[in-house]
């Protein structure tokens, strides 16, 4: 029996264009991609079907397409291609939601650690959010970065991640930097008895990734940062399956796909890209800019991603939402009750701008332990 | 002496927002990503500089930012991150053009074959465009696809590529399909004396790519199709450096980055993404939808990409523009004088819709040999 992958799109046809006709085009474009009648048997097997087309109260229409699961071949990239390959080149179409069939999910392992595993790695008890910081800025020396890593670890952050712009620049070469920062975090852990986790940035040349993973192993790192749209989502999948480190997914380069659903007629809804797809690929935590920071996303966007990262998804583990993008230390207390417990608050710049990053981190570490997150999450 | 990578952006500030201030934010967001004053020495080394901010006659402003080349660390993904990492998450900003310094270009090899090499692979004399077709539709059996490959090769197309949706589906598993299609193309070549090139779709699991390259070697294939935004641009770079096959880059999943510059206030101008970046990564040919087909791009978009694929770029070879997306056989003759000689016309559906694809291909093969492309190109 043919199983189906159901995807919901919002279409914004140009005036005079028929929504049903456009939905049929979409289903054809994403599968057989040829005029009707050339290959009836192939169409029988592979052609997407339009389930439903309804006008949307705010304009355009909402359509649901059923794709045969077999069209994905059980491969992540072909799954992305079926959902958002050629049609990414259209204007006036947005991928809104995906209904994941169990037979498809069974072909993916998702996060290797997930929420529970990542909590264990930083010894953070269930029920409270986590505190993270980003080592920055790019242009700093190894010594400067390592010193900062040590300070915030002593202050009690759960997780220190590299800024996503730190790679292998001459100012702070990868191996030297990772070993030095890891050492300072280990030292802090020995001093405090805590388990601050250090996640170096692994985004880099694909043919040097194995070598960099060896550096992580040498440094005793159990987590890494990757930007899925830079390294490719299937590289994330492969890392999740084999690398043995928890993966924190960064949204660099991904914004072109996903603008806030309230402001765009194109792209992939943030909940689908950062919620469903990053999780399916294997991200244990997903970085996304919080509302009211430097980026144009809303609390609704963030809550929707949170919901998808936590939603039941066959045997695929839930992931943390890691909120960054300009969370002010002064406002952290106000955000904690907005989101659920499985949230990581990522503070970078504002922490290092304080006179004592260690003390500042310590105060924030107290907040995530004492302010109650949203209930029922 | 610090060398700089200059990037031009178009900014669309919200009313009341200052263009200069926003440009400074951009330069900071893409490099040190922290408030001023935290790390003066790091800023000295790595902070992007605003060169110029000018109002644009059609709204917003045009800004030029100079990034220290060292910020890229000589890595493709970090280069992408500097140009379009976090700022991809902004609204109202578009990357318009990049001025490539020689010291940066020297760190990339670009296309392994380029225009000349790809012409040699299909024995196509300089000065004429090439004719290509896409094997389709997905859902066809190996036998059906191989038969179609043989027919169009007998008709005299220069290049047969897999449709980008053909991967390893049960209907036509990768190895079986590639061997069978290659065999039919080889047979046709023996019969005609021509050198039609078959390019299977290599887009798939990154950890099975080496295995699939072996299949290509077994099948005697010298070219492959990849979707850079699916496999990741650095995987393309790595393949170009080591795989020994010409790479045809497909725009699947890439459309979210690049809508026509006349219609969008976001993303990366098509000329930058498909012209500069795909070429730099190592694409020997870049598929892009022609104007007046199924996709919302203009002749100007296509000509701008063509110009960037051909522009002098240190020692980096030029690449072909491969125009597809619904070019009608009936209108091919009209397009040839619009574009230069280093263009590949990709016709799929309309060819297979004819009573004899072989004869239809033969007629088109005559056109690309007898109609003059645009001069001076």
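Residue numbers (my numbering), protein chains in the order written: chain A, 176 to 552; chain B, 176 to 552.
From the three backbone atoms N, C-alpha and C, an ideal C-beta is built for every residue, glycine too.
No experiment lies behind these values; they were computed from the predicted model shown.
Roughly how far, in whole angstroms, is the beta-carbon of residue 536(B) from the beta-carbon of residue 332(B), given that I think they are within contact range, below 8 Å?
As a position in the second chain, residue 536(B) is number 361, starting the count at 1. As a position in the second chain, residue 332(B) is number 157, starting the count at 1. Rounded, the Cβ-Cβ distance is 5 Å, consistent with contact.
Where does residue 364(A) fall in DSSP's three states?
As a first step, residue 364(A) must be located in the first chain, where it is residue number 189. It is helical.
Starting from residue 384(A), trace the beta strand (DSSP E) in both directions and tell me its first and last residue.
Sequence index remark: in the first chain, residue 384(A) carries index 209 (1-based). Taken as a continuous stretch (DSSP letters only), residue 384(A) belongs to no beta strand (DSSP E), being part of the alpha helix (DSSP H) at 384–394.
Sorted by chain position, which residues of the same chain lie with C-beta nearer than 7 Å to residue 402(B)'s C-beta, five sequence neighbours on each side aside?
As a first step, residue 402(B) is located in the second chain; it is residue number 227 there, counting from the start. Taken in chain order, the residues that qualify are 339, 378, 425, 427 and 428.
Would the beta-carbon of residue 204(A) fall within 9 Å of that of residue 312(B)?
By one-based count along the first chain, residue 204(A) stands at place 29. By one-based count along the second chain, residue 312(B) stands at place 137. Contact flag unset, no.
With a threshold of 9 Å between beta carbons, is residue 472(B) in contact with chain A?
In the second chain, residue 472(B) corresponds to position 297, counting from 1. Chain A contact via Cβ: present.
Closest to residue 271(A) by CA distance: which of 517(A), 303(A), 525(A) and 447(A) is it?
Within the first chain, residue 271(A) is the residue found at index 96, counting from 1. Taking only the C-alpha atoms, the option nearest residue 271(A) is 447(A).
Does residue 417(A) have its Cβ less than 9 Å from a Cβ in chain B?
Residue 417(A) sits at position 242 when you count from the first residue of the first chain. Yes, because at least one Cβ of chain B sits closer than 9 Å to the Cβ of residue 417(A).
Considering just the uninterrupted stretch of the alpha helix (DSSP H) at residue 507(A), what are its terminal residues?
For the purposes of this step, residue 507(A) is identified with residue 332 of the first chain, where counting begins at 1. For residue 507(A), the enclosing alpha helix (DSSP H) begins and ends at 507–510.
According to DSSP, what are the bridge partners of residue 420(B)?
The residue you call residue 420(B) lines up with position 245 of the second chain. Answer is none; residue 420(B) lacks a bridge partner.
Excluding the 5 residues flanking residue 294(B) on each side, which residues of the same chain have their C-beta closer than 7 Å to its C-beta?
Start at 1 with the first residue of the second chain, and residue 294(B) comes out as number 119. Contacts found: 301.
With a cut-off of 9 Å, does the C-beta of residue 248(B) fall near any C-beta of chain A?
Residue mapping note: residue 248(B) aligns to position 73 of the second chain, counting from 1. Yes - at least one Cβ of chain A is within 9 Å of the one on residue 248(B).
Taking only three categories from DSSP, how would you classify residue 229(A)?
Residue 229(A) sits at position 54 when you count from the first residue of the first chain. Strand.
Is the segment 183–194 of chain B touching the segment 272–287 of chain A in the sense that three or more CB pairs, one from each, lie closer than 8 Å?
Segments in contact, no.
Residue 497(B) classed as buried or exposed, judged by whether at least 16 other C-beta atoms fall within 10 angstroms
Translated into the one-based positions of the second chain, residue 497(B) becomes position 322. Buried, because 16 or more other Cβ atoms sit within 10 Å of the Cβ of residue 497(B).
Of the residues 227(B), 430(B), 336(B) and 484(B), which one's Cα is nearest the Cα of residue 450(B)?
Against the second chain, residue 450(B) aligns to sequence position 275. Residue 450(B) has its Cα closest to that of 484(B), out of 227(B), 430(B), 336(B) and 484(B).
Short CB-CB distance (under 9 Å) between residue 405(A) and chain B:
Within the first chain, the letter at position 230 stands for residue 405(A). Interface with chain B (9 Å Cβ-Cβ cutoff): residue 405(A) is included.
Cβ neighbour criterion (16 or more within 10 Å) applied to residue 489(A)
Counting from 1 along the first chain, the entry for residue 489(A) is found at position 314. By the neighbour-count rule (16 or more Cβ atoms within 10 Å), residue 489(A) is not buried but exposed.
Contiguous beta strand (DSSP E) assignments of at least 3 residues, all confined to the segment 468–542 of chain B:
495–499 and 518–522
Distance CB(residue 499(A))-CB(residue 548(A)) smaller than 9 Å:
Sequence index remark: in the first chain, residue 499(A) carries index 324 (1-based). Sequence index remark: in the first chain, residue 548(A) carries index 373 (1-based). Not a contact, by the Cβ cut-off of 9 Å.
Distance, Cα to Cα, residue 491(A) vs residue 468(B)?
The residue labelled residue 491(A) in the question sits at position 316 within the first chain. The residue labelled residue 468(B) in the question sits at position 293 within the second chain. Rounded to the nearest angstrom, the two C-alpha atoms are 41 Å apart.
Please name the residue, chosen from 240(A), 430(A), 254(A) and 193(A), that lies closest to residue 341(B) on a Cα-to-Cα basis.
Mapped onto the second chain, residue 341(B) falls at position 166. Ranking 240(A), 430(A), 254(A) and 193(A) by Cα distance to residue 341(B) puts 254(A) first.
Cβ of residue 350(B) within 9 Å of any chain A Cβ
Working through the second chain from its first residue, we reach residue 350(B) at position 175. For residue 350(B), the answer is no, since every Cβ of chain A falls outside 9 Å of its Cβ.
From residue 387(A) to residue 542(B), what does the alpha carbon distance come to, in whole angstroms?
The count along the first chain starts at 1 and reaches residue 387(A) at position 212. The count along the second chain starts at 1 and reaches residue 542(B) at position 367. Going by C-alpha positions, residue 387(A) is about 52 Å away from residue 542(B).
Residues of chain A with CB under 8 Å from residue 210(B), in chain order?
For this step, residue 210(B) is matched to residue 35 along the second chain. Close partners of residue 210(B) in chain A (Cβ separation under 8 Å): 524, 525 and 528.
Opposing strand residues paired with residue 179(A) [DSSP bridges]
The count along the first chain starts at 1 and reaches residue 179(A) at position 4. The bridge partners DSSP lists for residue 179(A) are 243(A).
Taking 9 Å as the cut-off, decide whether the C-beta atoms of residue 366(A) and residue 394(A) are in contact.
The residue you call residue 366(A) lines up with position 191 of the first chain. The residue you call residue 394(A) lines up with position 219 of the first chain. No, the Cβ-Cβ distance between residue 366(A) and residue 394(A) is not below 9 Å.
Excluding five sequence neighbours on each side, which residues of the same chain lie with their C-beta closer than 6 Å to the C-beta of residue 188(B)?
Numbered from its first residue, the second chain carries residue 188(B) at position 13. 194 and 197, listed in sequence order.
In terms of DSSP beta bridges, what is residue 206(B) paired with?
Position 31 of the second chain, counting from 1, holds the residue named residue 206(B). In the DSSP output, where bridge partners are listed per residue, residue 206(B) has none listed.
Specify, as a first and last residue, the run of the alpha helix (DSSP H) that residue 406(A) falls within.
Taking the first chain and counting its residues from 1, the one referred to as residue 406(A) is at position 231. Taken as a continuous stretch (DSSP letters only), the alpha helix (DSSP H) holding residue 406(A) covers 403–406.
Am I right that residue 376(B) and residue 370(B) are in contact with their C-beta atoms under 8 Å? What's the rounded C-beta distance?
Stepping through the second chain from its first residue, residue 376(B) is reached at position 201. Stepping through the second chain from its first residue, residue 370(B) is reached at position 195. Wrong, their Cβ atoms sit about 21 Å apart, outside the cutoff.
For the beta strand (DSSP E) that contains residue 464(A), what are its first and last residues?
Start at 1 with the first residue of the first chain, and residue 464(A) comes out as number 289. Unbroken beta strand (DSSP E) run through residue 464(A): 460–464.
By how many angstroms is the C-alpha of residue 273(A) removed from the C-alpha of residue 353(A)?
The count along the first chain starts at 1 and reaches residue 353(A) at position 178. The count along the first chain starts at 1 and reaches residue 273(A) at position 98. Across the structure, residue 353(A) and residue 273(A) are spaced so that their CA atoms are roughly 38 Å apart.
Going by Cα to Cα distance, which pick from 216(B), 259(B), 522(B) and 231(B) is closest to residue 314(A)?
Within the first chain, residue 314(A) is the residue found at index 139, counting from 1. The residue with the shortest Cα to Cα distance from residue 314(A) is 216(B).
Run through the DSSP bridge pairs and tell me what residue 399(A) is partnered with.
Translated into positions along the first chain, residue 399(A) becomes position 224. The partner list for residue 399(A) (beta bridge, DSSP) reads 422(A).
Using a Cβ cut-off of 9 Å, pull out every chain A residue sitting near residue 342(B), in sequence order please.
For the purposes of this step, residue 342(B) is taken as residue 167 along the second chain, with counting starting at 1. Within chain A, the residues near residue 342(B) are 247, 248, 250, 252, 253 and 256.
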